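With the working numbering as the guide, the letters of the sequence shown map in order to residues -8 to 278.
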Amino acid sequence: MSQGHAPVASVVIPAHNEGPRIVDCLRPLVSLSRSLPLEIVVVANGCIDDTVHLASSQPGVVVLNLPEPSKTGALNAGDEVATAFPRLYLDADVVLDEQAVRSMIQVLSTDLPALSAPTVRHQTDGADLLVRAYFHIFRQLPSARQSVVGRGVYAVSEAGRARFGRFPDLLADDLFVNRLFSPQETIVSQGLSTVRTPRRWQDLLKVRTRLVAGNVELARTTQGEVGVLTQAHDFSATTSATLRALLALVVRRPYELPPALVYAAINTLARSPRQPTRRWQRDESSR
């Protein structure tokens, strides 16, 4: 952060054994903070690798080291330390470009409740054919453009953060936050977040299964249980709406049928009751 200047935003980055990726995540933020005062807080949780050492080596970065692995715990610990708004929550294996950071800060510098995330770029280098087919379809569907879920980052204005208290112990923090804001309050900002996809379709299936479990868990949780202060309507895309969009895509472009079948098959398998739904099903193939 620039010396002598109050931060214009805080970035909270939970990190669990992210040694291979944490420097790539931090380097653009540290570079930007020389001209735009940012408060960067990395919350290592349950790390047994060199995440803490590597994060601490980056100038101006505040590093917390929690003994237990918990993304929820890390988010809450980061919130206790962070002082500025807008507040950005960034996955430690995701890279934001400068335009994304500046744009989110700009659109969220408001007294109104607002949520923002940039466009996501899925980096499929080294991924198998099925994974590439899946994301080829995914990025063409409206559901990929109408929420902050899966972008690796989301940010809230100060009034937006007041919509809830502490982060609840849920599988999908981005899904939880996304459902607190209407489409009119959700802004896709300029710039890009780069997210590495799983390399194998089996690992992609684990990620999708976890997302399905997060949907189910959130649907079964009451407002009181998660400490929500204001609950907007659920504007998330439904399965039927996504299916209609998928069918419309194939009708317009019949040559998209093979990758569309891959997309549908993986999502169907993810909803299978036979799929294991462990509390932590992180993709390790992209690390």
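Even for Gly, the Cβ is constructed at its ideal location relative to N, Cα and C. Please read these numbers as outputs of a predicted model, since none were measured by experiment.
G205 places its beta carbon 8 Å or farther from that of L237. For the pair P104 and R154, the CB atoms are nearer than the 8 Å cut-off. Around the CB of T188, 16 or more other CB atoms lie within 10 Å, so the residue is classed as buried. Secondary structure note for Q181: it is in no alpha helix (DSSP H), and the uninterrupted beta strand (DSSP E) holding it is T177 to R187. Segment contact: the region 68 to 77 against the region 86 to 101, three or more CB-CB distances shorter than 8 Å; contact assigned. According to DSSP, V198 shares a beta bridge with no other residue. Setting aside the 5 residues that flank it on each side, S1 is surrounded in the same chain by E30, A73, A75 and R78, each with a C-beta closer than 6 Å to its C-beta; the list follows chain order. Secondary-structure assignment with DSSP links I4 through a beta bridge to V33. Bounds of any beta strand (DSSP E) do not take in Q137, whose DSSP letter is neither H nor E. From the listed residues L195, R136, I39 and T212, the smallest Cα separation to I178 is found for R136. According to DSSP, residue pairing for Y254 in a beta bridge does not occur. CA-CA distance, L120 to N258, rounds to 16 Å. Here G10 is buried, its C-beta having at least 16 other C-beta atoms within 10 Å. Residue pairing for S107: DSSP places it in a beta bridge opposite A146 and I178. Taken through DSSP and simplified to helix, strand or coil, V54 comes out as strand.
Taking a C-beta distance under 8 Å as the contact criterion, L260 and L196 qualify as a contact pair.
In this model, P245 and W192 are separated by some 23 Å (Cα to Cα). In the DSSP assignment, L66 falls within the alpha helix (DSSP H) that extends over K62 to V72. Judged by pairs of C-beta atoms under 8 Å, the region 126 to 136 touches the region 246 to 253, as three or more such pairs exist. F126 sits in a helix when the DSSP states are folded into three classes.
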